[in-house]
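Just add 399 to wherever you are in the sequence shown, counting from 1, and you've got this note's numbering. Using N, Cα and C, we set each Cβ at its ideal position, and we do this for glycine too. Fair warning: this is a prediction, and the values are worked out from it, not measured in the lab.
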Amino acid sequence: MIKFIEFLLIGFVSGFMSGMFGIGGGSVRIPLLVLIGMSIKSAFGVNLFVIPFSSLTGAFTHRRNIEWKIAGYMIPAGIGGSILGALFVGKFSDFTLVMLFFIVSIITVAGVHLQRIAPGLTAKLRPGLIPVFSGTFFLNLIIGLRGGSGGSLFPPLLKSLGVEIKKAIATSLFVTIFTALSAWVIYLGRGDVPWDAAIFVLLGSIVGSRTGSKLSLKTKPFWLEIGLTVLILGLAVIMIIKKL
Numbered sequence: 400m401i402k403f404i405e406f407l408l409i410g411f412v413s414g415f416m417s418g419m420f421g422i423g424g425g426s427v428r429i430p431l432l433v434l435i436g437m438s439i440k441s442a443f444g445v446n447l448f449v450i451p452f453s454s455l456t457g458a459f460t461h462r463r464n465i466e467w468k469i470a471g472y473m474i475p476a477g478i479g480g481s482i483l484g485a486l487f488v489g490k491f492s493d494f495t496l497v498m499l500f501f502i503v504s505i506i507t508v509a510g511v512h513l514q515r516i517a518p519g520l521t522a523k524l525r526p527g528l529i530p531v532f533s534g535t536f537f538l539n540l541i542i543g544l545r546g547g548s549g550g551s552l553f554p555p556l557l558k559s560l561g562v563e564i565k566k567a568i569a570t571s572l573f574v575t576i577f578t579a580l581s582a583w584v585i586y587l588g589r590g591d592v593p594w595d596a597a598i599f600v601l602l603g604s605i606v607g608s609r610t611g612s613k614l615s616l617k618t619k620p621f622w623l624e625i626g627l628t629v630l631i632l633g634l635a636v637i638m639i640i641k642k643l
């Protein structure tokens, strides 16, 4: 019974962060599941099962901010990258996957603040077909190796290409529905989805995502960026400590 309550709470917290910051939720969900004793590959499987549902909830709330043309570039690229990443996961040790998770977290945070770090570079970037398609494919390939849908990297990618943060969040939520589903099929085939945990995490995530999305619409972009940075780095560090 206590375990199911833990799954519900993890679902709510990760869903809330997903809706709030436009991430798939894996940057929060995976570390929390590992912290309560789940294997990292099972945590990946649960994460990918939950993302399409929580992201759909968040995307509906943010629907007026979705950049549909950009989403059209991202979906096919993201699906391809997600499938390749999911196929390669089984070839790495848990520790290697945790270290990869940490590295991707650093890249994510750098992307969020790229306009401050390298303003000259971001001034030249535009969200066209080639940078969006290639960036999405590459990031999803990397993020697929740590059981994600690309959602934690999509807002930084789009923001670095000049897309306003709230539009980046909305578009990210919509795209992760499709990228997560494509990778989840691979995990399902390998038997890496513990269904009891997945269902309870899902229920908590749906409620949390709706709540987080509503709050996001009322929050200034600066605080969204700061919150996303603290959240991703903090959980990545905790996850490494857990595995040492």
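Membership of F532 in the alpha helix (DSSP H) is indicated by the continuous run 528-543.
The three-state reading of DSSP puts I435 in coil, since its state is none of H, G, I, E or B. One Cα belongs to K490, the other to G484, and the distance between them is close to 11 Å. At the C-beta level, A569 and I465 come within 8 Å of one another. Nearest Cα to G527 within the set A509, R545, V562, F494: V562. By a beta-carbon distance limit of 8 Å, Y586 contacts F443. Their separation comes to about 6 Å.
Across the structure, I435 and I482 are spaced so that their CA atoms are roughly 27 Å apart. Judged by pairs of C-beta atoms under 8 Å, the region 625-641 touches the region 408-422, as three or more such pairs exist. The Cβ neighbour count for T495, taken over all protein chains shown within 10 Å, is under 16; the residue is labelled exposed. When rounded, the separation of the alpha-carbon atoms in I469 and L432 is 32 Å. Annotation: I409 to W583 spans about 19 Å, alpha carbon to alpha carbon. Here S492 carries a coil assignment [DSSP, helix/strand/coil]. If the five residues before and after S608 are omitted, its C-beta is found closer than 6 Å to the C-beta atoms of G414, S417, G418, S453, T456, G457, all from its own chain and listed in chain order. Scanning I605, G534, S581, N539 for the CA closest to the CA of V412 turns up I605.
Collapsing the DSSP output to three states places I465 in coil. Boundaries of the alpha helix (DSSP H) harbouring G588: 564-589, taken from the DSSP string.
Separation of T618 and I625 (C-alpha to C-alpha, rounded to the nearest whole angstrom) is 11 Å. At the C-beta level, G547 and G425 come within 8 Å of one another.
The three-state secondary structure of L552, taken from DSSP, is coil.
In this structure, V574 lies away from G479, with their beta-carbon atoms at least 8 Å apart. A residue is called buried once 16 or more other Cβ atoms fall within 10 Å of its Cβ, and I576 is buried on that count.
The residue among A567, V449, T507 with its C-alpha nearest the C-alpha of P620 is A567.
If you look at L601, you'll find it in the alpha helix (DSSP H) that goes 594-615. Judged by DSSP in its simplified three-state form, L630 adopts helix. Taking C-alpha positions only, K565 is separated from L616 by approximately 8 Å.
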